[in-house]
Amino acid sequence: MAEKVSQVEVEIRNANGMHMRPAMQFVDVASRFASKINVSNQKITVDGKSIMHMAMLAAAAGTKLKITAEGSDAKEATDALKDLVEVKMFDEPAWQKE
Amino acid sequence: MKIADVISSKAIIPRLQSVKRDDAIKELIAILEKTGKISEENSAEIAKAVIKRENEASTGIGKGVAVPHIRHKLVKKIVAAIGISARGIDFSSLDKQPVYTVILLLSPVEGDQHLQAMESIFEHLQNDNFRKFLRQSETIDQIKDLLVEADQNPSW
Chain A
5 MAEKVSQVEV EIRNANGMHM RPAMQFVDVA SRFASKINVS NQKITVDGKS
55 IMHMAMLAAA AGTKLKITAE GSDAKEATDA LKDLVEVKMF DEPAWQKE
Chain B
20 MKIADVISSK AIIPRLQSVK RDDAIKELIA ILEKTGKISE ENSAEIAKAV
70 IKRENEASTG IGKGVAVPHI RHKLVKKIVA AIGISARGID FSSLDKQPVY
120 TVILLLSPVE GDQHLQAMES IFEHLQNDNF RKFLRQSETI DQIKDLLVEA
170 DQNPSW
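Below, the structure written as structure tokens:
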């Protein structure tokens with residue numbers, strides 16, 4: 005199957021940001037897909053399937069991350085991850101913008 | 020944020036006595052109490068909270084490392100302790116392997132220092148050499164030097 009690339013930008017919306025538990029959820033979802041998944045903030049790009057890498061992003065509420073999936077299920081992967089970050093918000097309380 | 024700024028040089032245990040997860044957490048909290056980083060009357064409640072958090076989801080992230088942590092109202096200033104276990108501790112890690120390096124991180128509820136400290140800790144931990152040297156360290160000074168060196172050379 006041809007390699008496909010899908011890229012989305014997401015905003016961290018849960019109040020506590022991407023701490024360890026959300027990072028683990030992210031890795032769980034990302035690992036369900038065959039595609040290679042990278043996540044970038046302004047400074048670094050990390051492996052979306054590695055918990056150590058994801059915890060390094062230290063993304064606070066309001067941070068924007070770019071998720072890039074590359075592989076046969078790239079679109080499905082970015083859809084699921086965007087849903088986890090922005091809609092499910094890692095099952096955590098939302099951030100109240102001041 | 021630098022890892023050496025968060026891990027108090029007095030809160031380093033090169034040879035953890037504990038062989039069980041909860042005991043190791045309590046051992047690290049006890050050394051923070053001894054060095055005055057947390058107060059005696061709060062330490063039991065903080066230990067309970069860390070263990071509760073650990074029961075909800077293991078912080079044993081694999082490769083022999085666990086990072087038990089919590090944001091707690093009784094913690095006024097971010098502080099961390101580090102312990103090395105020669106025989107390994109069962110943390111119900113993701114990769115099912117024993118843990119040789121335990122980094123306990125306590126943060127206040129407010130502020131974003133918690134995430135910054137995690138960033139710094141994980142940046143170092145994902146470095147194979149850092150984990151290897153940490154595990155091989157036998158004295159407080161060796162660990163202290165390693166932390167300072169890691170902060171100075173982020174890409175070594």
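Protein chains in written order, with the numbering used here: chain A, 5 to 102; chain B, 20 to 175. Think of the CB as a built atom: it goes at the ideal place given N, C-alpha and C, for glycine as much as any other residue.
- Listed by position along chain A, the residues whose Cβ is nearer than 7 Å to that of B/F141 are M56, A59, M60.
- Here B/D42 carries a helix assignment [DSSP, helix/strand/coil].
- Taking a C-beta distance under 8 Å as the contact criterion, A/F30 and A/E80 do not qualify as a contact pair.
- A contact between stretches requires three or more CB pairs, one per stretch, nearer than 8 Å, and the stretch 23 to 32 of chain B fails this requirement with the stretch 42 to 51 of chain A.
- B/R106 counts as exposed, since fewer than 16 other beta carbons sit within 10 angstroms of its beta carbon.
- Taking a contact to require three or more Cβ pairs closer than 8 Å, the stretch 71 to 82 of chain B and the stretch 47 to 54 of chain B do not qualify as touching.
- For A/A98, the nearest beta carbon of chain B is not closer than 8 Å to its own beta carbon.
- Bridge pairing for B/S111: absent [DSSP].
- At a cut-off of 8 Å, the C-beta of B/H91 has no neighbouring C-beta in chain A.
- By the 16-neighbour rule on beta-carbons within 10 angstroms, B/S77 is buried.
- Using a Cβ distance threshold of 8 Å, B/R40 and B/I108 count as a contacting pair.
- A/I71 sits away from B/L113, with the two beta carbons spaced by 8 Å or more.
- By the CB criterion at 8 Å, A/A19 and A/E96 fall inside the cutoff.
- In this structure B/A136 touches B/I97 by the C-beta definition: roughly 6 Å separates them, less than 8 Å.
- B/G130 sits exposed, since fewer than 16 C-beta atoms from the chains shown fall within 10 Å of its C-beta.
- Here B/L93 carries a coil assignment [DSSP, helix/strand/coil].
- Taking a C-beta distance under 8 Å as the contact criterion, B/A30 and B/K67 do not qualify as a contact pair.
- Using a Cβ-Cβ cut-off of 8 Å, A/G52 does not count as an interface residue toward chain B, since no Cβ of chain B sits closer than that to its own.
- Using a CB distance cut-off of 8 Å, A/M28 counts as an interface residue toward chain B.
- Secondary structure at B/A68: helix, using DSSP grouped into helix, strand and coil.
- With contacts defined by Cβ atoms closer than 8 Å, A/V14 and A/L69 form a contacting pair.
- DSSP places A/E15 within a strand segment (E or B) once states are collapsed to three.
- Taking the C-beta atoms as reference points, B/M20 is found no nearer than 8 Å to B/S126.
- Remark: C-beta atoms of B/L165 and A/H23 do not approach each other more closely than 8 Å.
- Look at A/A34: its C-beta is not under 8 Å from any C-beta on chain B.
- Distance from the CA of B/R72 to the CA of B/Q161, rounded to the nearest whole angstrom, comes to 30 Å.
- Legend: CB atoms of the stretch 103 to 136 of chain B lying less than 8 Å from CB atoms of chain A belong to residues L113, D131, H133, L134, Q135.
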